[in-house]
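According to this note's numbering, the sequence shown is numbered sequentially starting from 3. Where is the CB? At the ideal position from N, CA and C, for every residue including glycine.
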Amino acid sequence: MLNAFSSLRISASGLSAERLRMDTIASNIANVTTTRGENGQPYIRKIAVFQTNLDRVLNTSTGKYEDDFKGVKAVGIVDDKSPLKKVYDPSNPDADKDGYVTMPNVNILNEMADMITATRSYEANVNTMNSEKSMFLKALEIGR
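The following block contains the structure:
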């Protein structure tokens, strides 16, 4: 019966991962025009990084180790390496001697597309959990 709940664990890890991704995207959108942060530099776009969460488990019937998939886990949030944008605005206090302002490397259209993808993935995990819950309830009804 423990394996029955592994699908819930996988869906829960997906929910957690997509939530982190949406929070990261929201931070990028909020800082799309931040030309000077705490370090005096323009905001750098952030990207949430995930990896599969695997455990090596000994299969007692075969005597071999197998991978037990446990979902995804957040590895961290990294800076996007794409170049910063230069915008000509000599009236901006952050402009250089040539009148260019270094802007964050955040593209609002890409962020919105990423947000839609993250939202759809989150919804898919919620629907999966609801289906699993429904199956468990049906199984309990059959057992009565």
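Ordered along the chain, which non-local residues of its own chain (more than five positions away) have a Cβ less than 6 Å from that of residue 117? Short of 6 Å from the beta carbon of residue 117, and not among the five residues preceding or following it, lie these beta carbons of its own chain, in chain order: 27.
Q. What are the complete alpha helix (DSSP H) segments, minimum 4 residues, inside the region 53-118?
A. The qualifying runs do not exist here; there are none.
I'd like to know whether the C-beta of residue 130 is nearer than 8 Å to at least one C-beta of chain C. Chain labels in this structure do not include chain C; a single protein chain is all it has.
Q.
Do residue 48 and residue 79 count as a contact pair if the criterion is CB distance below 8 Å?
A. Yes, the pair counts as a contact, with Cβ atoms nearer than the cut-off.
Coarse secondary structure for residue 34, derived from DSSP in three states
The three-state secondary structure of residue 34, taken from DSSP, is coil.
Does the pairing of the region 106-114 with the region 79-88 give three or more beta-carbon distances under 8 Å?
-> Touching, yes, given that three or more Cβ pairs across the two stretches are closer than 8 Å.
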